[in-house]
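*Asks:*
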DNA sequence: GAATCAGCAGTTTTT
DNA sequence: CTGCTGATTC
């Protein structure tokens, strides 16, 4: 044994980690507290399996993000070299897709099926609401969608009507239609990738093939799995004796996405003879920070007991800072950063964590004013921007002409004289003739009651698309970018953006976004092993909306990030801002009394991001929606331990602000003289 | 068919 | 205060 593992340095693992790496023969649950070396355990475990002679393609590692999969692959390669190459590492959705790619016809899909993301789904529902006039009042389609998806995930036949609220009613009416439409459009949503895969595995003719495919299955972030993901794992892993899962129930913060923390709590019940290993030695934070984290999370009733501890010292006390208002809070943060940077800390050592995105704005403004470089993590990803989505919608619809959501999105873009009225007439024809919208467009000659102009417009559109379609549908990837470029040129998409009367700044942004589509295509084309043409590209982009431009130039910047997105990250210095009632236990969570526990876990996640220093700040007044309101400190602050490790202070309004400004000025003077910049030249931004 | 206006609601969101 | 939707107007 020892010889076989010569490449793995087991001495760097603690006894629990090592037990988790070496365990064999029964299902394994690793309860990995924050900062306890979870990723190390998984990568070492996979490396160990490889060195034991398990072929890489028989090992499946499942993660929640592409980023995590990528990181794991890199770290595994370091440990196990080229053997790591064949290990199957993928997200749940990608796993589902790879199953459906082989056996899609079993669940009634056709070749070229499209993957709808949330905004496609919302458009579909909106369109249905309009057409069926289900809702007399204006209802938010995305809220209806929430209910529809919840029912679908539970494989309910109907959306239950409990309280008879409008959203429930609409969801109830639309649910069967939604499923019907998705089927007609040959489209699946993210959940369908999982549910469809489960259906494939339940098909007797395919079950065996799939349950034999993987010899070992490892799952990361198990606390975030949903019931359908659990089903998929069970069907794939059989009795589960070679299933190992790693997670932390205290960091389960995605109930809204369907995650059920119960999966992790019930693991040892669901999988017979499962072994449970707790990792609670923390390698990230000081004990003062860990004590605070432990104290807060201890107030959650239902959880696996873990008490994080560290072999390192107590470190600095954590600070609870009372601020008169949100402005002062932001200034306190900026001032403190500036002061510490002046003392030798780097900007990238700092992160500012908040509950909701809109809190980021004021922080951004203040940092900009103080000339502190920052980056905002999260927010809209490239593939969510309108112009990008428009371009992709063209491609999606050409790849899958039954994809009506995409077709409707682009049919009059740029405006080509096919307005709502024309479209409605054609839709009626399509419905009465029982053909797809695209087929109807192609037979525009047979549709009565269209104006000559509209008729001609439709004809032109059809001709334009058909002129490019064959070339684009080819399954080869080479030359794809060029063909798409031709299509976009013919459509005049770029010109359309140019013609808008946006400001130069916005316009530049939009063009940049638009051009990213072609860049992404070229990258895809050049990628070794990309094949499958447009279809593959589209699925890839649908499932990979991760950070595109993460690495570049983000080095020396402060990070602004939501608590949700901060999970898995760590920073030497962390500000947890907006520690207020209605904000950190978010108002909605308190009102619905549904899950205060999840809010507390969010707080816990935030605290445990900090390695050395932690500030928890709140404001006594905050301007929300244009009105100033008094605010109360978060109840979670009361749950912090009393005494030495925690200092409670007040940021007085002008003191810190001025101090910060002075520090900023001093700093910039230094920078300028170092860089040899004349101060007068660099006054592009008003300092006021 | 496109531009403008009024009214309303406002968490988080790995895919 | 903002951003989005639907309705109204040109």
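Residue numbers (the working numbering): 256 to 943. Idealized CB from N, CA, C, for every residue including glycine.
DSSP state of residue 883, grouped into three classes?
*Replies:* Counting from one through the first chain, the residue named residue 883 turns up at place 628. Residue state, collapsed to three classes: strand.
*Asks:* Here's a check: name, in chain order, each residue in its chain whose Cβ is nearer than 7 Å to the Cβ of residue 672, leaving out the five neighbours to either side.
*Replies:* Here residue 672 refers to the residue found at position 417 when the first chain is read from its first residue. 708, 709 and 712, listed in sequence order.
*Asks:* Grouping DSSP H, G and I as helix and E and B as strand, with all else coil, what is residue 503?
*Replies:* On the first chain, position 248 is the one that residue 503 refers to. In this structure, residue 503 counts as coil in the three-state DSSP scheme.
*Asks:* Enumerate in chain order the residues of its own chain whose CB-to-CB distance from residue 844 is below 8 Å, with the five nearest sequence positions on each side excluded.
*Replies:* Mapped onto the first chain, residue 844 falls at position 589. Only 850, 851, 853 and 854 meet the Cβ criterion.
*Asks:* For a quick check, are the C-beta atoms of residue 411 and residue 380 less than 8 Å apart?
*Replies:* The residue given as residue 411 occupies position 156 in the first chain. The residue given as residue 380 occupies position 125 in the first chain. Their beta carbons are not under 8 Å apart, which means residue 411 does not touch residue 380 by this criterion.
*Asks:* Is the beta carbon of residue 607 sitting closer than 8 Å to the one on residue 813?
*Replies:* By one-based count along the first chain, residue 607 stands at place 352. By one-based count along the first chain, residue 813 stands at place 558. Contact flag set, yes.
*Asks:* Drop a sphere of 10 angstroms on the beta-carbon of residue 670, count the other beta-carbons inside from all chains shown, and report buried for 16 or more, exposed for fewer.
*Replies:* By 1-based counting over the first chain, the position of residue 670 is 415. Flag for residue 670 reads exposed.
*Asks:* Check each candidate in 862, 582, 637 and 645 and name the one with the smallest Cα separation from residue 967.
*Replies:* Residue 967 is absent from the model: the chain starts at 256 and stops at 943.
*Asks:* Whose C-alpha, out of 399, 656 and 276, is nearest the C-alpha of residue 695?
*Replies:* Sequence index remark: in the first chain, residue 695 carries index 440 (1-based). Among 399, 656 and 276, the Cα nearest to that of residue 695 belongs to 656.
*Asks:* Can you look up residue 787 in the DSSP assignment and give me helix, strand or coil?
*Replies:* The sequence position of residue 787 within the first chain is 532, counting from 1. It is coil, neither helix nor strand.
*Asks:* Output needed for residue 311: all residues of its chain with C-beta closer than 7 Å, excluding positions within five of it in sequence on either side, in chain order.
*Replies:* Within the first chain, residue 311 is the residue found at index 56, counting from 1. Excluding positions up to five away in sequence, the list reads 305, 338, 339, 340, 341 and 342.
*Asks:* Based on the DSSP secondary-structure assignment, which residues constitute the bridge partners of residue 870?
*Replies:* Within the first chain, numbered from 1, the residue matching residue 870 stands at position 615. Its beta-bridge partners are 574 and 830.
*Asks:* Do residue 446 and residue 404 come within 8 Å of each other at the CB atom, strictly closer than that value?
*Replies:* Locating residue 404 in the first chain gives position 149, counting from the first residue. Locating residue 446 in the first chain gives position 191, counting from the first residue. Yes; because the gap between Cβ atoms is below 8 Å, this pair is in contact.
*Asks:* Select from 423, 383, 796 and 477 the residue whose C-alpha is nearest the C-alpha of residue 402.
*Replies:* The residue given as residue 402 occupies position 147 in the first chain. Considering only alpha carbons, the answer is 423.
*Asks:* Express the C-alpha separation of residue 893 and residue 842 in angstroms, rounding to a whole number.
*Replies:* Start at 1 with the first residue of the first chain, and residue 842 comes out as number 587. Start at 1 with the first residue of the first chain, and residue 893 comes out as number 638. Their backbone Cα atoms lie some 18 Å apart in a straight line.
*Asks:* Report the CB separation of residue 399 from residue 369 in whole angstroms; it is logged as a contact under 8 Å.
*Replies:* As a working mapping, residue 399 is identified with position 144 in the first chain. As a working mapping, residue 369 is identified with position 114 in the first chain. Actually they are not in contact, since the Cβ atoms of residue 399 and residue 369 sit about 21 Å apart, beyond 8 Å.
*Asks:* Provide the residue span of the alpha helix (DSSP H) that contains residue 447, from first to last.
*Replies:* On the first chain, position 192 is the one that residue 447 refers to. Unbroken alpha helix (DSSP H) run through residue 447: 445-457.
*Asks:* Note down, one range per segment and in chain order, each alpha helix (DSSP H) of at least 4 residues found wholly within the segment 703-731.
*Replies:* List check, alpha helix (DSSP H) in window: 707-728.
*Asks:* Give the C-beta separation of residue 286 and residue 355 to the nearest angstrom, bearing in mind that I take them to be a contact with Cβ-Cβ under 8 Å.
*Replies:* Along the first chain, read from residue 1 onward, the residue named residue 286 stands at position 31. Along the first chain, read from residue 1 onward, the residue named residue 355 stands at position 100. The Cβ separation is near 32 Å, so there is no contact.
*Asks:* Secondary structure at residue 847, three-state DSSP: helix, strand or coil?
*Replies:* For this step, residue 847 is matched to residue 592 along the first chain. Coil at residue 847, not helix or strand.
*Asks:* Can the beta-carbon of residue 832 be found less than 8 Å from the beta-carbon of residue 584?
*Replies:* In the first chain, counting from the first residue as 1, residue 832 sits at position 577. In the first chain, counting from the first residue as 1, residue 584 sits at position 329. Their beta carbons are under 8 Å apart, which means residue 832 touches residue 584 by this criterion.
*Asks:* First and last residue of the alpha helix (DSSP H) that includes residue 250?
*Replies:* Since the first residue shown for the chain is 256 and the last is 943, residue 250 is missing from the structure and cannot be characterised.
*Asks:* For the 8 Å Cβ check, are there 3 or more pairs between the segment 501-514 and the segment 276-293?
*Replies:* Judged by Cβ distances under 8 Å, the segment 501-514 makes contact with the segment 276-293, as three or more pairs qualify.
*Asks:* With three or more C-beta pairs closer than 8 Å as the rule, is the segment 772-792 touching the segment 728-745?
*Replies:* The segment 728-745 is in contact with the segment 772-792.
*Asks:* Whole angstroms are fine: how far does the CA of residue 794 sit from the CA of residue 720?
*Replies:* Numbered from 1 along the first chain, position 465 holds the residue referred to as residue 720. Numbered from 1 along the first chain, position 539 holds the residue referred to as residue 794. Spanning the two alpha carbons is a distance of roughly 21 Å.
*Asks:* DSSP state of residue 373, grouped into three classes?
*Replies:* By one-based count along the first chain, residue 373 stands at place 118. Helix, per DSSP.
*Asks:* Looking at residue 297: is its Cβ nearer than 8 Å to the Cβ of residue 490?
*Replies:* What you label residue 297 is simply residue 42 of the first chain in a count that begins at 1. What you label residue 490 is simply residue 235 of the first chain in a count that begins at 1. No, the pair does not count as a contact, with Cβ atoms beyond the cut-off.
*Asks:* How many Å lie between residue 770 and residue 319 at the Cα?
*Replies:* As a working note, residue 770 is residue 515 in the first chain. As a working note, residue 319 is residue 64 in the first chain. Residue 770 and residue 319: Cα-Cα distance of roughly 29 Å.
*Asks:* Assuming residue 377 and residue 397 are in contact, meaning their beta carbons sit under 8 Å apart, how far apart are those beta carbons, in whole angstroms?
*Replies:* Position 122 of the first chain, counting from 1, holds the residue named residue 377. Position 142 of the first chain, counting from 1, holds the residue named residue 397. Yes, they are in contact, since the Cβ atoms of residue 377 and residue 397 sit about 5 Å apart, within 8 Å.
*Asks:* Is residue 836 helix, strand or coil by DSSP?
*Replies:* By 1-based counting over the first chain, the position of residue 836 is 581. Reduced to three states, the DSSP call for residue 836 is coil.
*Asks:* What does a CB cutoff of less than 6 Å around residue 827 pick up in its chain, not counting 5 residues either side in sequence?
*Replies:* Counting from 1 along the first chain, the entry for residue 827 is found at position 572. Contacts found: 604, 866 and 867.
*Asks:* Just list the residues that DSSP pairs residue 888 with in beta bridges.
*Replies:* Here residue 888 is taken as the residue at index 633 of the first chain, counted from 1. BP columns for residue 888 point to 835.
*Asks:* Nearest to residue 945 by CA position, among 295, 386, 273 and 313, is which residue?
*Replies:* There is simply no residue 945 to check, as the chain begins at 256 and stops at 943 in what is shown.
*Asks:* Only counting the same chain, and skipping five residues up and downstream in sequence, which positions put a Cβ closer than 6 Å to that of residue 495?
*Replies:* Position 240 of the first chain holds residue 495. Same-chain partners within the cutoff: 282 and 526.
*Asks:* Can the beta-carbon of residue 872 be found closer than 8 Å to that of residue 788?
*Replies:* Looking up residue 872 in the first chain gives position 617. Looking up residue 788 in the first chain gives position 533. Going by C-beta atoms, residue 872 is not nearer than 8 Å to residue 788.
*Asks:* Identify which residue in 421, 329, 439 and 415 has its Cα closest to the Cα of residue 366.
*Replies:* Here residue 366 refers to the residue found at position 111 of the first chain. That would be 439, whose Cα lies nearest to the Cα of residue 366.
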